[in-house]
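Asks: Heads up, the sequence shown is in the working numbering, so the first residue is 234 and it goes up one at a time. C-beta atoms are modelled at their ideal positions from N, C-alpha and C, and glycine is treated no differently. All values reported here derive from a predicted model rather than from experimental measurement.
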Amino acid sequence: MSAPNTPFATLTGVRHPLIQAPMAGGATTPELVAAVCNAGALGSFAAATLSPAAMREGVARVRALTDRPFNVNLFILENPDPSDEEVARAQARLDPLRAELGLPPGSRPARFCEDNRAQIETLLELAPPLVSFTFGLLDATTVARFHAAGCRVIGTATTVAEALAWQAVGADLICAQGSEAGGHRGTFLGDPQQSCLGLLALLPQVVAAVNIPVIAAGGIMDGRGIAAALLLGAQAAQLGTAFLCCPESGIPSIWKEAILAARDDSTRLTRAFSGRLARGIANDFMRRLAAAEDEVPAYPVQNALTGDIRQAAVRQGRSEYLSLWAGQAAGMARTLPAGELVRTLMEEMAACRP
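1. If you draw a straight line from the C-alpha of I252 to the C-alpha of E318, how long is it?
2. Given A390, which residues of its chain have a CB within under 8 Å of its CB, disregarding the five upstream and five downstream residues?
3. Does the distance from the C-beta atom of A414 to that of M582 stay below 8 Å?
4. Kindly identify the DSSP beta-bridge partner or partners of F303.
5. Helix, strand or coil: how does DSSP classify I658 here?
6. Following the continuous alpha helix (DSSP H) through G456, name the residue where it begins and the one where it ends.
7. Go through the segment 437-524 residue by residue and report every complete run of the alpha helix (DSSP H) that reaches 4 residues or more, in order.
8. Quick one: Cα of A262 to Cα of A571, how far?
9. Just the Cα atoms here: how many angstroms apart are A274 and H249?
10. Would DSSP call H417 helix, strand or coil?
11. For L510, which residues from the same chain have a beta carbon less than 6 Å from its beta carbon, with the 5 sequence-adjacent residues on both sides left out?
12. Going along the chain, which residues of its own chain have a beta-carbon closer than 8 Å to the beta-carbon of T577, five neighbours each way excluded?
13. When you compare only the Cα positions, how much space is there between A242 and A467?
14. Output the distance between the C-alpha atoms of A494 and N312, rounded to the nearest integer angstrom.
15. Do you know how far the Cα of E333 is from the Cα of P485?
16. Counting C-beta neighbours from all protein chains within 10 Å, is the total for R520 16 or more, i.e. buried, or is it exposed?
17. Can you tell me which of the three DSSP states V269 falls into?
18. Tell me, please, whether the segment 535-543 touches the segment 323-341 by the rule of three or more beta-carbon pairs shorter than 8 Å.
19. Please state whether the Cβ-Cβ distance between M454 and A562 is less than 8 Å.
20. DSSP puts V364 in a beta bridge; with which residues?
21. If I measure Cβ to Cβ from A254 and keep anything under 7 Å in the same chain, skipping five residues before and after, which residues do I get?
22. Tell me whether A409 sits in a helix, a strand or coil according to DSSP, three-state version.
23. How about C346 and L310: do their beta carbons lie closer than 8 Å?
24. If you draw a straight line from the alpha carbon of F518 to that of M288, how long is it in whole angstroms?
25. Compute the distance between the beta-carbons of L363 and N304, then report whether it is under 8 Å.
26. According to DSSP, simplified to helix, strand and coil, what is L251?
27. Where DSSP assigns a beta bridge to W558, which residues make up the other side?
28. What's the call for E580, buried or exposed, on a 16-neighbour Cβ count within 10 Å?
29. List the whole-angstrom C-beta distance separating I387 from A404, where the pair is believed to meet the contact cut-off of C-beta under 8 Å.
30. Can you tell which of P446, P315, V376, P480 has its C-alpha closest to the C-alpha of E573?
31. How should Q352 be labelled, buried or exposed, when 16 other C-beta atoms within 10 angstroms of its C-beta is the threshold for buried?
32. What is the residue span of the alpha helix (DSSP H) that N536 lies within?
33. For F241, which of helix, strand or coil comes out of DSSP?
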């Protein structure tokens, strides 16, 4: 079922009120993005952890696989410069885990993240039909530059204040992220712990506060959830975890297995892996660092420091050391090909309508 006359459809050129969420770290392969787009929804390519060269390569691959509109996502970050002492303390907490994986003690990385300004300039050069941003707020001048390049801008908000801030700088759409969502919280104003509103509470308040289209995100796994989001005033729903077990997804098999085995109480919010609040399936790593969560360096520093541990976990098939990002309804995931999943979701949504 499509909604061709909504502002969302007009702004995006997309037939279905459905977005596949951008999920950094390799989950959203060009093949996944294109399959979603070719089925009439909006696929999103996550570029937040990519170099400009890798961004160009990934976007070129998406364009080779689809002629439909697609989205590219970036984080908004400052380049960090933690002290050697802070890095050493953080590594000392992680070294016992490294030893269990047969890794050497950690040292200071050459860098902690890609240069965000260079990523933004590359995205302006690539000019995909839609661009979305998480973890922060662009200034109005940069939003205007994206508009001049022909891009529609989506800003992620976890509170009404954040939604209003994005509207004020000229965003075209707001993605309202409920606390049920898997992966990193997008909070950039105030205390992240105090910004954990569930989607059912957040969505109608954001819809009432802004005059641009709102996208609902967080814990939606089937067509019933999409229909409910539209009933609450969203013009589209963004699903992430629902697409992680598709064959086109780039996550390792141990992560997919954990999602499919998840229960309703399997996930929790943690700072342990990355230094930023994120929802994932609880495991040994989370539990062992729980007491030190308030002491770990902020994102992206902790994320960089745990990178070797997470990579070794994948190589060795040890999910207890891997960040298993997933939303609260992860156990509802299906192993359908992405295009078939889009069609199934739309059929389920249509069945909910009178």
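Replies: This is what the structure gives:
1. When rounded, the distance between both Cα atoms is 42 Å.
2. A396, A398, W399, I407, C408, A409, Q410, G419, V439
3. no
4. G276
5. No answer is possible for residue 658: the residues shown for the chain start at 234 and end at 587.
6. G456 -> alpha helix (DSSP H) spans 456-464.
7. 456-464, 486-493, 517-522
8. Here the sequence assigns Thr to residue 262, which means Ala is not the residue at that position. Approximately 11 Å between the Cα atoms of the pair.
9. Roughly 5 Å separates the two Cα atoms.
10. strand
11. R418, P425, L502, R504
12. G456, R567, L569
13. So the two alpha carbons sit approximately 12 Å from each other.
14. Distance between the alpha carbons of A494 and N312 is about 37 Å.
15. 21 Å
16. exposed
17. DSSP places V269 in helix when its eight states are reduced to three.
18. yes
19. yes
20. V305, V386
21. S277, A450, Q471, L472, G473
22. strand
23. yes
24. 31 Å
25. yes
26. strand
27. Looking at the DSSP assignment, W558 forms a beta bridge with G513.
28. exposed
29. 7 Å
30. Ranking P446, P315, V376, P480 by Cα distance to E573 puts P480 first.
31. buried
32. Taken as a continuous stretch (DSSP letters only), the alpha helix (DSSP H) holding N536 covers 534-538.
33. Helix at F241.
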